[in-house]
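Notes to accompany the following structure.
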Amino acid sequence: MDRLQFENWIKSQFEKVSDEQLANFDLYYHLLTAKNNDINLLSRATGLDIYEKHFSDSLLFSLPESLRGKTIIDLGSGAGFPGIPLKIMYPDNYIYLLEPTRKRADFLKVVIAKLDLKKIEVINERAEDFVASSREMFDGLVARAVAPLNILLELASPLVKVGGLVLAYKGERADQELIEADMALKVLNLKVTHQLTSHLPTLQHTRNLLIFEKEAPTPIRYPRLYAAIKIRPL
-6 MDRLQFENWI KSQFEKVSDE QLANFDLYYH LLTAKNNDIN LLSRATGLDI YEKHFSDSLL
54 FSLPESLRGK TIIDLGSGAG FPGIPLKIMY PDNYIYLLEP TRKRADFLKV VIAKLDLKKI
114 EVINERAEDF VASSREMFDG LVARAVAPLN ILLELASPLV KVGGLVLAYK GERADQELIE
174 ADMALKVLNL KVTHQLTSHL PTLQHTRNLL IFEKEAPTPI RYPRLYAAIK IRPL
């Protein structure tokens, strides 16, 4: 997908797309390509792949109406996906980018400054540490390419308010990951409300958005230390 294809695609997805929003994606693209080799921002996508594998992938599913204008945390934001594309297209949301790696967190701060984005912050902490000061503070949480679902949900659930949503961006293994996360859902007081399926516009790779609602407070013993989570996932 090239720049023109991306512009045509995003205009088909959103009712209004301003020149400023398109310019922000252009600048973001150039910042990513300039810094990728220095700090390993992207695993595989380089050049034109950014438009489809990262920008389009982050915006393939509309933000739920109940989260419009609310506080959202992007868990393990990495190079800013999906948090920064969501911020560009949903400017009324207050978005927090949670990224434990210092170099990536510093890059995110540069992007925010260069794009002059408002109501967005970078938090340079691990999720299991950050939850100590921010338990059940956020209306919603988004996470893309972070961890298997049963691990992700243990990190995500404590940060979200009761009644809030966890949005997990997944690929073709979404159904299998849901099966493997059955115990985590019960223990963490989460329920699946939607599973949305779509495909990247030109590559046609399958993408799934799993939406979970938090029905009751997360038991205080969660999340465990990350080493313990990895050794014995829920």
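In our numbering, the protein residues as written are -6 to 227.
Ideal Cβ positions, reconstructed from N, Cα and C, are used throughout, including at glycine.
Quantities reported herein were computed from a predicted structural model and do not represent experimental measurements.
Taking all protein chains shown into account, do 16 or more other C-beta atoms lie within 10 angstroms of the C-beta of residue i, making it buried, or fewer, making it exposed?
i: P216; result: buried
i: A16; result: exposed
i: A27; result: exposed
i: H187; result: exposed
i: N30; result: exposed
i: R225; result: exposed
i: L(-3); result: exposed
Where does residue i fall in DSSP's three states?
i: T199; result: strand
i: K229; result: Beyond the ends of the chain as shown, which are -6 and 227, falls residue 229; an answer cannot be given.
i: S5; result: helix
i: I213; result: coil
i: E206; result: strand
i: L189; result: strand
i: R225; result: coil
i: L25; result: helix
i: L20; result: helix
Between the Cα of residue i and the Cα atoms of the options, which residue gives the shortest distance?
i: T195; options: K4, L218, D42 and V124; result: D42
i: P75; options: L178, K163 and V185; result: K163
i: S235; options: L53, A209 and S59; result: Given a span of -6 to 227 for the chain in the structure shown, any question on residue 235 remains unanswerable.
i: E8; options: S55, M176 and I65; result: S55
i: G71; options: E170, D19, L91 and L193; result: L91
i: H198; options: A167, L183 and L227; result: A167
i: M(-6); options: L227, P210, F100 and L193; result: L193
i: P141; options: A174, I116, D19 and V153; result: A174
i: L218; options: L145, K184, L171 and R200; result: L145
Quick check: is the beta carbon of residue i nearer than 7 Å to any beta carbon in chain D?
i: L90; result: The structure shown has no chain D; it contains just one protein chain.
* To do: Tell me the start and end of each unbroken alpha helix (DSSP H) in the stretch 32 to 112 that is at least 4 residues and wholly inside, in chain order.
  => 76 to 82 and 95 to 108
* **In chain order, each beta strand (DSSP E) run of at least 3 residues that lies wholly inside the stretch 101 to 176** => 113 to 116, 131 to 137 and 153 to 163
* Between the stretch 197 to 209 and the stretch 116 to 123, do at least 3 Cβ pairs fall closer than 8 Å? -> no
* Asked: Is the stretch 123 to 134 in contact with the stretch 143 to 162, if contact means three or more CB pairs nearer than 8 Å?
  -> yes
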